[in-house]
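> Mind looking over this structure? Questions follow.
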Amino acid sequence: MSMFSCSQIQPMVQVPKIGLHGQVLEKTLKEKAVIVLGATGTGKTKLSIDLAKKFCGEIINSDKIQIHEGLDIVTNKVTKEESCGIPHHLLSVIEPNVDFNVTDFCTLATLSMQSITENEKVPIIVGGSNSFIEALVDYHENMSQPRYEFCCLWVDVAIPILNSTLSDRVDQMLGKGLVDEVRALFDPNVDYSKGVYRSIGVPELDQYFRVEKLLDDQSRVKILEEAVNEIKFNTHKLAIRQKEKIQQFKDVKKWKIHELDATEAHQGKGKEAIDAWQKLVMDPSLKIVDDFLNNNVDT
């Protein structure tokens, strides 16, 4: 494998513009971007950062909740340490109570892509909001002269195994201070259909915050357990919807998507999990993206 590196980066390829009679009129630049798809908790963020380190990439967040400021624990935003110095765009850039729609995303994501490619870096778009990704791809594909071509990777995990991962992640969030983080933002008159307040983990705690000071310890614990179980249930439902949407991209929209089964990596522990991730997700992804950027295959 040739393995594309930062020093070799050439993100733009020449694409001829053809006239009515088949003559080449001019050459235009078509640039490349990578999209990392997957349900919540599958490892999209980890893969995107590893790819960015290898291929001189910068990451564009496409999670509609993480775009908003605040609730870093609840929304599971990448930490400074986890980001490994890789620039992240569209992360915590919108005020918590401000609505942000697909049109807004397409505009800002396109500007970010242009900025990244102008600096001869590779845009890597990652996040769980598939409606945003779909709109962005459609927007560029419907241009008379599309500027970008996309390579789509799908980190997939079998639902029963993923459910276990997600339940564990909610418990970890609780240990990091999820309840206190949401309590600090709690407003009894807030609209849970807007901004960051739509995030799973916020409306589920509403009842608990309203009554916690009125209850004894035992009752308070019970109400909180019910809220946590609802958070886990709604997270599981979200993962199923996300997986179904990506499958539609393949089956209905006929996107070419490279599926990477990370189930074994999620089942394993310690070195076993690390080795499975490297073999089943990381190594194939490196080869796919390397071929894409080097025009070795029709990716």
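For reference, each letter of the sequence shown is one residue, going 1 to 299 in UniProt numbering.
By construction, the Cβ of each residue, glycine as well, lies at the ideal position given by its N, Cα and C atoms.
It should be emphasised that the depicted structure is a prediction, and the values quoted were computed from it without experimental measurement.
#1: For my contact list, residue 301 and residue 152 are in at a C-beta cut-off of 8 Å; report their separation, rounded to the angstrom.
#2: Start and end of the beta strand (DSSP E) containing residue 155?
#3: State the DSSP-derived secondary structure class of residue 33, mapped to helix, strand or coil.
#4: Using DSSP bridges, identify the partner residues of residue 258.
#5: For residue 194, I'd like the list of residues in its chain whose CB is within less than 7 Å of its CB, leaving aside the five on either flank, ordered along the chain.
#6: Should residue 138 be labelled buried (16 or more other beta-carbon atoms within 10 Å of its own) or exposed?
#7: Just how far apart, CA to CA, sit residue 167 and residue 41?
#8: How do the stretch 70-77 and the stretch 108-126 stand: do at least 3 beta-carbon pairs fall below 8 Å, yes or no?
#9: Measuring CA to CA, which of 251, 256, 188 is closest to residue 149?
#10: What is the DSSP secondary structure of residue 281, counted as helix, strand or coil?
#11: Anyone know if the C-beta pair for residue 266 and residue 165 falls short of 9 Å?
#12: Starting from the C-beta of residue 264, find all residues in its chain whose C-beta is less than 7 Å away, skip the five residues before and the five after it, and write them out in chain order.
#13: Can the beta-carbon of residue 52 be found closer than 9 Å to that of residue 102?
#14: Using a 10 Å radius around the Cβ and a threshold of 16 neighbouring Cβ atoms, would you call residue 192 buried or exposed?
#15: Which residue comes first and which comes last in the alpha helix (DSSP H) that contains residue 85?
#16: Could you check if residue 274 is buried or exposed, using at least 16 other CB atoms within 10 Å of its CB as the buried criterion?
#17: Going by C-alpha to C-alpha distance, which of 227, 154, 120, 221 sits closest to residue 206?
#18: Helix, strand or coil for residue 120? Go by DSSP, reduced to three states.
#19: Within 10 angstroms of the Cβ of residue 184, are there 16 or more other Cβ atoms? Answer buried if so, exposed if not.
Quick answer:
#1: Residue 301 lies beyond the stretch modelled for the chain, which goes from 1 to 299, so this question has no answer here.
#2: 148-156
#3: strand
#4: 153
#5: 97, 99
#6: exposed
#7: 10 Å
#8: no
#9: 256
#10: helix
#11: yes
#12: 276, 280
#13: no
#14: exposed
#15: Element bounds for residue 85: n/a, residue is neither H nor E.
#16: exposed
#17: 227
#18: coil
#19: exposed
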